[in-house]
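Protein chains in written order, with the working numbering: chain A, 11 to 233; chain B, 11 to 233.
All C-beta atoms in this analysis are idealised placements derived from N, C-alpha and C, irrespective of residue type, glycine included.
Reviewing the structure listed below.
2 protein chains.
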Amino acid sequence: MKNDPAENQESIKAIPEPTLRRLPIYYQLLKSRLNAGSSEISCTTIADALHLTAIQVRKDLEITEASGKPKVGYNIKELIAAIENFLGWNSKSEAFLVGAGNLGSALIGYQGFKEYGLMIIAAFDNNPAKINTSVYGKRIFDIKKLSDMVRRMKVSIGILTVPAQYAQESANLMTEAGIRAIWNFSPTKIICRPDIVVQHENLACSLAVLSKKISEVAARRIS
Amino acid sequence: MKNDPAENQESIKAIPEPTLRRLPIYYQLLKSRLNAGSSEISCTTIADALHLTAIQVRKDLEITEASGKPKVGYNIKELIAAIENFLGWNSKSEAFLVGAGNLGSALIGYQGFKEYGLMIIAAFDNNPAKINTSVYGKRIFDIKKLSDMVRRMKVSIGILTVPAQYAQESANLMTEAGIRAIWNFSPTKIICRPDIVVQHENLACSLAVLSKKISEVAARRIS
DNA sequence: TAGATTGTTAATCGATTAACAATC
DNA sequence: TAGATTGTTAATCGATTAACAATC
Chain A
11 MKNDPAENQE
21 SIKAIPEPTL
31 RRLPIYYQLL
41 KSRLNAGSSE
51 ISCTTIADAL
61 HLTAIQVRKD
71 LEITEASGKP
81 KVGYNIKELI
91 AAIENFLGWN
101 SKSEAFLVGA
111 GNLGSALIGY
121 QGFKEYGLMI
131 IAAFDNNPAK
141 INTSVYGKRI
151 FDIKKLSDMV
161 RRMKVSIGIL
171 TVPAQYAQES
181 ANLMTEAGIR
191 AIWNFSPTKI
201 ICRPDIVVQH
211 ENLACSLAVL
221 SKKISEVAAR
231 RIS
Chain B
11 MKNDPAENQE
21 SIKAIPEPTL
31 RRLPIYYQLL
41 KSRLNAGSSE
51 ISCTTIADAL
61 HLTAIQVRKD
71 LEITEASGKP
81 KVGYNIKELI
91 AAIENFLGWN
101 SKSEAFLVGA
111 GNLGSALIGY
121 QGFKEYGLMI
131 IAAFDNNPAK
141 INTSVYGKRI
151 FDIKKLSDMV
161 RRMKVSIGIL
171 TVPAQYAQES
181 ANLMTEAGIR
191 AIWNFSPTKI
201 ICRPDIVVQH
211 ENLACSLAVL
221 SKKISEVAAR
231 RIS
């Protein structure tokens, strides 16, 4: 309808977050089907494999602007490319990680991120015992060097894996240095300037959902 | 209105997941305010601290059946207890962890879970080099012993931290042994029987949201 | 051509926000 | 009493689901 007119201005027409969260699931399925030798796939097939509805899958894929053929379905390669393109996973991004503890080290060692174009290029910590050592081949620098290195290397993504009490001050350090997006794994909410993208990954929040689901199922079993 | 009549039957009136995910955030704030010496808190104060709206906070707290006093606000201790009670965090739950890799080890070592009543009591792996060693004081057993130990110890929660290709078979093992809820950190969706509670923690899904937010902000900056 | 599947518009459902009455 | 804040009902907004036309 009124798409073309605005185009550049207001046409960013908010993408539903639930849809965004499902795209990687499709992406993974598509890759495995491609490896298994398939070349086309229908919404119904995707929906069945993932316990979703075909309508939902179609609606989700619509926003990537991929298109399929009636009776045949979508070309898997094209669909993979459309999702990659839509999410920006076809271009590389570099990230710094702050807080080289258990979780931080696990994330540094996780091989999966590069599939999505994300590279953790270095880590930072304030613990003298860790500074200048390496974890899975990534150097751990003194947190004091963060600001300078962010500026020099123009890194715009920060992964935050510090204990709760250091989270806000670390976030401040990062944003003052020029980090524009923070993936926050610390168990506390951080407040940043409105132009900073913050993605919270709080295990307590997920555990709340899990806990409640468990108690609901338990209640249902009794009644 | 028609609350009391049904009560036991259909009155489980679906709790919104977004609300569930915010409760732990309130919980953490409340604990820190309590430690700081406060005894009462209003919705407005909570909302301001967390960049939410007062109405939303009030609506969220309503479902825990906590009640406040006009002009004063909520009693912090009571509110903490109400949230704990609502989420079932006042009773202990025991969990087994399957897959003692980087992430699995980080979760075993994470001290925060006990605050929510969750105890990882043992881990399992198929790697002979890991079997019968300990990580952060928790024993790692042969995955072959999982089934027997789940039955004997009546553990109902499983934390899944295996690579994608082992995720589904590990989940099957767990549910066949009697695990009723799976917290899945593996980078793939698992399909379980409808009576099994599954909570997915897929980093790729979160990264998709982060990636898109970043590209939206970048687009806005240009225009 | 017939039938399966896509693409798109409309209807429903659920969460958020607004409005306002109750109350300390 | 006056005013701030809770509690609750109504309005809005957004996501999901349904319906159906278009098309290979």
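C-beta neighbour in chain A for residue i, strict 8 Å
i	result
Asn13(B)	Reliability fails at Asn13(B), whose pLDDT of 34 lies under 50, so the model's placement of it is uncertain and the value that follows must be treated cautiously. Chain A contact via Cβ: absent.
Tyr120(B)	yes
Gly168(B)	no
Val5(B)	Chain B is shown from 11 up to 233; residue 5(B) falls before or after that span and cannot be answered.
Glu17(B)	With a pLDDT of only 35 at Glu17(B), under the threshold of 50, the placement of this residue in the model should not be trusted; the figure read from the coordinates follows. No - not a single Cβ of chain A is within 8 Å of the one on Glu17(B).
Thr63(B)	no
Leu113(B)	yes
Tyr176(B)	no
Ile189(B)	no
Tyr84(B)	no
Range of the contiguous alpha helix (DSSP H) that encloses residue i
i	result
Ile192(A)	Here Ile192(A) belongs to no alpha helix (DSSP H); instead the beta strand (DSSP E) covers Ala191 to Asn194.
Ser221(A)	Leu213 to Ile232
Arg32(A)	Glu27 to Asn45
Ile93(A)	Ile86 to Leu97
Ala64(B)	Ala64 to Glu72
Ile118(A)	Asn112 to Gly119
Ala24(A)	Counting along the chain, Ala24(A) falls outside any alpha helix (DSSP H), and DSSP gives it neither H nor E.
Val165(B)	Careful: Val165(B) lies outside any alpha helix (DSSP H) and carries neither H nor E.
Ala139(B)	Neither: Ala139(B) is in no alpha helix (DSSP H) and is coded neither H nor E.
Glu179(B)	Ala174 to Ala187
Thr54(A)	Cys53 to Leu60
Own chain residues within Cβ distance below 8 Å of residue i, not counting five before or after
i	result
Glu75(B)	Ala92 and Phe96
Ile150(A)	Ala110, Ala132, Ala133, Phe134, Asp135, Lys140, Ile141, Asn142, Thr143 and Ser144
Ser101(B)	Gly127
Glu211(A)	Trp193, Asn194 and Phe195
Tyr146(A)	Ser115, Ile118 and Gly119
Gly98(A)	Gly127
Beta-carbon gap between residue i and residue j smaller than 8 Å
i	j	result
Val198(B)	Ala174(B)	The displayed chain sequence assigns Thr, not Val, to residue 198(B). In contact: Thr198(B) and Ala174(B) (Cβ atoms closer than 8 Å).
Arg43(B)	Ile86(B)	yes
Ile118(B)	Lys148(B)	yes
Ala218(B)	Leu71(A)	no
Cys215(B)	Arg68(A)	no
Ile130(B)	Ile169(B)	yes
Residue-chain proximity (residue i, chain B), Cβ-Cβ < 8 Å
i	result
Ile56(A)	no
Leu217(A)	yes
Gly98(A)	yes
Arg31(A)	yes
Leu220(A)	yes
Leu60(A)	yes
Lys148(A)	no
Pro34(A)	yes
Ser21(A)	A caution first: Ser21(A) carries a pLDDT of 45, below 50, which makes its placement in the model unreliable, though a value can still be read off. So no, Ser21(A) is outside the interface.
Leu257(A)	What the structure shows of chain A is the stretch from 11 to 233, and residue 257(A) is not part of that stretch, so it cannot be assessed.
Ile90(A)	no
Asn212(A)	yes
Pro197(A)	yes
Gln38(A)	yes
Pro138(A)	no
Glu27(A)	yes
Extent of the continuous beta strand (DSSP E) to which residue i belongs
i	result
Asp209(A)	First, the residue type needs correcting, since residue 209(A) is Gln and not Asp in the sequence shown. Val207 to His210 is the span of the beta strand (DSSP E), which, as asked, contains Gln209(A).
Val82(A)	From DSSP, Val82(A) is part of no beta strand (DSSP E); its letter is neither H nor E.
Glu125(B)	Run containing Glu125(B): none; DSSP gives neither H nor E here.
Arg149(B)	Lys148 to Asp152
Ser103(B)	Ser103 to Val108
Chain-order list of residues whose beta-carbon lies under 6 Å from that of residue i (same chain, five-residue window excluded)
i	result
Ile200(B)	Ala177, Gln178, Ala181 and Asn194
Thr55(B)	none
Leu213(A)	none
Thr185(A)	Cys202 and Ile206
Asp152(B)	Ile141
Ser157(A)	Ala187
Leu89(A)	Leu40 and Ala76
Same chain, Cβ closer than 7 Å to residue i, neighbours up to 5 away in sequence not counted
i	result
Ile35(A)	Leu60
Glu50(A)	Val82, Gly83, Tyr84, Asn85 and Ile86
Ser52(A)	Gly83
Arg161(A)	Ala187 and Gly188
Val172(B)	Val108, Gly109, Ser180 and Ser196
Gln19(A)	Any reading at Gln19(A) must be qualified, since the residue scores a pLDDT of 38, below 50, and its modelled position is unreliable; no value is offered.
Next on the checklist: Assess contact between the segment 97 to 112 of chain A and the segment 123 to 131 of chain A, defined as three or more Cβ pairs (one per stretch) separated by less than 8 Å. Is contact present?
Outcome noted: yes
Item to check | Given 8 Å, three or more beta-carbon pairs between the segment 203 to 213 of chain B and the segment 177 to 195 of chain B | outcome: yes
Checklist entry - Hey, is the segment 58 to 65 of chain A in contact with the segment 216 to 225 of chain B, meaning 3+ C-beta pairs nearer than 8 Å? => result no
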